[in-house]
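*Asks:*
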Amino acid sequence: MPAEGEGTGGDSIRVRVRFFAAPRDALGEDRVAMEIPRGTTVRELLELLVAEYPVLGSYVRFVSVAVNRAYVGMGTELHDGDEVACLPPVGGGREWAAGQKGGLLHRHRDSLDWPAPTSVQERA
Numbered sequence: 773m774p775a776e777g778e779g780t781g782g783d784s785i786r787v788r789v790r791f792f793a794a795p796r797d798a799l800g801e802d803r804v805a806m807e808i809p810r811g812t813t814v815r816e817l818l819e820l821l822v823a824e825y826p827v828l829g830s831y832v833r834f835v836s837v838a839v840n841r842a843y844v845g846m847g848t849e850l851h852d853g854d855e856v857a858c859l860p861p862v863g864g865g866r867e868w869a870a871g872q873k874g875g876l877l878h879r880h881r882d883s884l885d886w887p888a889p890t891s892v893q894e895r896a
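In terms of our numbering, the sequence shown opens at residue 773 and continues consecutively.
1. From the DSSP output, in three-state form, read off glutamate 801 for me.
2. How is arginine 796 classed by DSSP in three states: helix, strand or coil?
3. Does the count of Cβ pairs from the region 840 to 853 and the region 811 to 828 closer than 8 Å reach three?
4. Just how far apart, CA to CA, sit valine 844 and isoleucine 808?
5. Kindly identify the DSSP beta-bridge partner or partners of glutamate 855.
6. Grab me the residues of proline 861's own chain with a C-beta within less than 8 Å of its C-beta, minus the 5 sequence neighbours each way, in chain order.
7. If you draw a straight line from the C-alpha of valine 787 to the C-alpha of leucine 817, how long is it?
8. May I have the straight-line CA-CA distance separating alanine 798 from arginine 790, to the nearest angstrom?
9. With a threshold of 16 other CB atoms inside 10 Å of the CB of alanine 805, please say whether the residue is buried or exposed.
10. Less than 7 Å between C-beta atoms, sequence neighbours within five positions excluded: which residues of the same chain meet that for glycine 782?
Laid out in structure tokens, this is it:
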């Protein structure tokens with residue numbers, strides 16, 4: 773019997789992969805379990821996912837990845853029992869960010885008594 777944390781065998785581990793937004797809709801599932809080779813990185817997991825679920829191919833280059841609720845890089849090595857979340861890019865807010873009429877920043881800034889922006893030299 774394998775010790776806790778040793779996966780299903782000496783050469784493989786099991787991870788849970790969660791999907792959100794468009795990848796979830798395209799796949800028709802919000803999570804899958806994968807048995808992967810020990811030492812697999814996040815990048816390699818994404819490649820394995822696309823090989824098994826080709827519909828994910830157009831999404832994986834845009835996702836951010838969190839392992840056990842912490843954002844990680846593509847070179848992060850996965851471990852037995854990890855939960856991998858494939859998160860869509862943060863979007864929206866174009867009007868807000870630009871301060872265009874109707875955007876949140878525009879509406880609130882006009883209603884508040886904010887001082888005019890100053891340069892660092894003027895503050896000194």
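Virtual Cβ for every residue (Gly too), placed ideally from N, Cα, C.
*Replies:* By the coordinates alone:
1. For this step, residue 801 is matched to residue 29 along the sequence shown. Coil.
2. As a first step, residue 796 must be located in the sequence shown, where it is residue number 24. Helix, per DSSP.
3. Segments in contact, yes.
4. Mapped onto the sequence shown, residue 844 falls at position 72. Mapped onto the sequence shown, residue 808 falls at position 36. So the alpha carbons of these two residues sit roughly 18 Å apart.
5. Position 83 of the sequence shown, counting from 1, holds the residue named residue 855. Under DSSP, glutamate 855 forms a beta bridge with Arg788.
6. Within the sequence shown, the letter at position 89 stands for residue 861. These residues qualify, in order along the chain: Phe834, Val835 and Ser836.
7. Sequence index remark: in the sequence shown, residue 787 carries index 15 (1-based). Sequence index remark: in the sequence shown, residue 817 carries index 45 (1-based). Within the model, the alpha-carbon separation for valine 787 versus leucine 817 is close to 10 Å.
8. To locate residue 798, count along the sequence shown from 1; it is residue 26. To locate residue 790, count along the sequence shown from 1; it is residue 18. So the two alpha carbons sit approximately 13 Å from each other.
9. Position 33 of the sequence shown, counted from the start, is the residue given in the question as residue 805. Here alanine 805 is exposed. Its C-beta has fewer than 16 other C-beta atoms within 10 Å.
10. Locating residue 782 in the sequence shown gives position 10, where the first residue counts as 1. None.
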